[in-house]
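These notes concern the structure reproduced below.
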Amino acid sequence: MKLSEIVDRLDLSVRSGKEKLGEDVTGGYASDLLSDVIANSNEGDIWITLQIHQNIVAVASMNKLAGIVLVNGREPEEGTLEAAEQEAMPIMVTDMPTFEVVGKLYELGISGTR
Amino acid sequence: MNRDEKITKIQELVYEMKVQEVMRRKVITVGPTTQMSELREILRVNRISGAPVVEGDALVGIISLEDFIKWLANREDDCPIGAKMTRDVKTLYADEPLVTAVNKLEQLGYGRFPVIDRETNELVGIITAGLVIEGLLRKLEIDYSEEEIHRYRASHIFEDILADRTKLLFEYDVVGQDFERAGESASGLKTTLRRLGIDPRIVRRVAIATYEAEMNVVVYTPGGKISCEIDPEKIVVDVRDSGPGIPDVEKAMQPGYSTAPEWVRELGFGAGMGLNNIQKCADEMVLTSDVGSGTHLKVCIFTEQGRGS
Ligand SMILES: Nc1ncnc2c1ncn2[C@@H]1O[C@H](COP(=O)(O)OP(=O)(O)OP(=O)(O)O)[C@@H](O)[C@H]1O
Ligand SMILES: [Mg+2]
């Protein structure tokens, strides 16, 4: 499923990486521990987290993730946005908590295993 | 890129890109029962020159500034937008190629097209000539910087240098406890390796190993140095710090083992996975540490060529 479709269905606000919204999302991962994300996420995953500092961009781009969703209404830090634009990494924000976002993604057919 | 190349590139892109990549998703709509007299304010506040007319989920028409001016000029009585809107709305599907949008904008002379989802028939966005241009420029810029990267290639560098042995050395200083700059060395090294044209899978492994090592230096020590040595066969990352050292290296290597303090955990570190991630990425890894004097990590990752020999 295209990231743009997820943005529409979950009513996410896009903060960066607009040019990559046409890319495919092939799975999902939810975690707030960065090394855990490096170890266990897969290329093409959409990543749900409450971390907002710039290291999330480094982690997401190393694992070639499709995008990052920040939950609980948290906004990316300024440095995070700069890094995200540079790496063309989509960051989306939502007021929903992680549990809700993951549930909705699962309903759309996005799975955490492959 | 020269001028001609750029033009053919744009032609390519209008076929390749989809309407949904450039459309605006947040669409300002009006209802058919809204009064014409209110339209001006809606257009002014949102700085738009027209809006789709929506009833429930259905697109029922479109109203433009031109319609508004006509209504004004005729000095007609106030009436609902539904009476003045264009009912036969020309739309585009979100998954249509951009070239369709460009053609329709030109042929039909309209300033905007509502964008509809092919399956649900719902209004998902709006497209204007300005948005098309913006989208193309953005894409052109990205493609351009990717091309830039292809200009240098490590293979060329090594081919062009005449020597029995060639090595490239990059060094980075890491400041302890500085979370603003944490990760910059790894990211700088990653960009450099990419520019050198090194296989992206190798770059990824080097980047992860360096990132995790850098984070450990930032979190647990007052600072250190990262050096990266590249030759045609292998990439060696060497990380030294003058921190407290690791009392039990074997234990530190266990997945989940972490001494990260609470405030560091709040930033997302302390999964106790860093050293394991390094090990997974490395072909060879040596971690030595002396309590009181510091830690030394050496990671070796073979290139395609090194693996062969
Ligand atoms: N350079 C270092 N100096 C001192 N101690 C270190 C150093 N690197 C690692 N350690 C010790 O080893 C432990 C395990 O490190 P590791 O990188 O695997 O996990 P972590 O840093 O705790 O968490 P994560 O990397 O998952 O965020 C650390 O908690 C720390 O006690
Ligand atoms: Mg670590």
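Protein sequence lines correspond, in order, to chains P and D.
Under the numbering used here, the first residue of the first sequence carries the number 1, and numbering increases by one thereafter.
Under the numbering used here, the first residue of the second sequence carries the number 1001, and numbering increases by one thereafter.
Beta carbons: idealized from backbone N, C-alpha and C, even for Gly.
For ASN72(P), none of the residues of chain D pass the 9 Å Cβ criterion, the least Cβ distance being about 14 Å. Chain-ordered, the residues whose CB falls short of 7 Å from any heavy atom of ligand 2 come out as SER35(P), GLU1212(D), MET1215(D), ASN1216(D), VAL1219(D), PHE1269(D), GLY1274(D) and LEU1275(D). Proximity of chain P to ASN1277(D) at the Cβ level (cut-off 8 Å) is accounted for by SER35, ILE38 and ALA39, in chain order. Contact with chain D is absent for SER111(P), since none of that chain's Cβ atoms lies less than 8 Å from the residue's Cβ. Pairwise C-beta distances place the region 1239–1252 of chain D out of contact with the region 3–12 of chain P, as fewer than three of them are shorter than 8 Å. Remark: the C-beta of ALA1252(D) is in contact range of ligand 1, defined as less than 7 Å to any heavy atom. Straight through space, the alpha carbons of ASP1143(D) and THR1008(D) are spaced by roughly 13 Å. Using a CB distance below 8 Å, the part of the region 1176–1201 of chain D facing chain P consists of PHE1179, GLU1180, ALA1182, GLY1183, ALA1186, SER1187 and LYS1190, ordered along the chain. In the DSSP annotation of this structure, the continuous segment of the beta strand (DSSP E) that includes ILE68(P) starts and ends at 67–70. Around the beta-carbon of TRP1263(D), fewer than 16 other beta-carbon atoms lie within 10 Å, marking it exposed. Around TRP1071(D), the same chain offers MET1036 and LYS1084 as residues with beta carbons nearer than 6 Å, after the five sequence neighbours per side are excluded. PHE1068(D): member of the alpha helix (DSSP H) spanning 1065–1073, first to last residue. Taking non-hydrogen atoms of ligand 1 into account, the C-beta of ILE1246(D) is found less than 7 Å away from one of them.
Here ASN1276(D) is buried. Its C-beta has 16 or more other C-beta atoms within 10 Å. Chain P places a beta carbon closer than 8 Å to that of ILE1208(D), counting this residue as a contact.
Spanning the alpha carbons of PHE1269(D) and VAL1299(D) requires a straight line of approximately 21 Å.
In the pairwise beta carbon analysis, the region 1166–1174 of chain D is classified as touching the region 1184–1203 of chain D: at least three pairs are separated by under 8 Å. Under the 8 Å criterion on CB atoms, GLU78(P) is classed as non-interfacial with respect to chain D. Beta-bridge pairing by DSSP links LEU34(P) to no other residue. In summary, no residue of the region 1033–1050 of chain D has a CB separated from any CB of chain P by less than 9 Å. Taking C-beta atoms under 8 Å as the contact rule, ILE1081(D) and PRO1032(D) qualify, at a distance of about 6 Å. Between the beta-carbon of ILE1301(D) and that of LYS1234(D) there is about 7 Å, and that keeps the pair under the 8 Å contact cut. Proximity of the beta carbon of SER1293(D) to ligand 1 is not indicated: no heavy atom of the ligand is located closer than 7 Å.
About 13 Å separates the beta carbon of MET92(P) from that of VAL57(P), a gap too long to meet the 8 Å contact definition. When rounded, the separation of the alpha-carbon atoms in ASN1103(D) and LEU1123(D) is 21 Å. Taking the Cα of ALA1282(D) as reference, the smallest distance to any Cα among MET1017(D), ASP1241(D) and VAL1236(D) is reached at VAL1236(D).
Among the residues of chain P, none has a CB under 8 Å from the CB of VAL1174(D); the nearest is roughly 14 Å distant.
Remark: the C-beta of SER1242(D) is outside contact range of ligand 1, defined as less than 7 Å to any heavy atom. Taking a Cβ-Cβ threshold of 7 Å, the residues of chain P close to TYR1211(D) are ALA58 and MET62, in chain order. Counting the other Cβ atoms within 10 Å of the Cβ of ALA1073(D) gives fewer than 16, which makes it exposed. A contact between stretches requires three or more CB pairs, one per stretch, nearer than 8 Å, and the region 66–82 of chain P meets this requirement with the region 13–21 of chain P.
Ligand 1 has no heavy atom closer than 7 Å to the beta-carbon of GLY79(P). For ARG1265(D), the enclosing alpha helix (DSSP H) covers residues 1262–1266.
Per the coordinates, the alpha-carbon of ASP1088(D) lies some 14 Å from the alpha-carbon of ALA1051(D).
Inclusion of ALA1271(D) in the 7 Å shell around ligand 1 follows from its C-beta lying nearer than that to a non-hydrogen atom of the ligand.
For VAL1237(D), no alpha helix (DSSP H) segment is defined; the enclosing uninterrupted segment is the beta strand (DSSP E) at 1234–1241.
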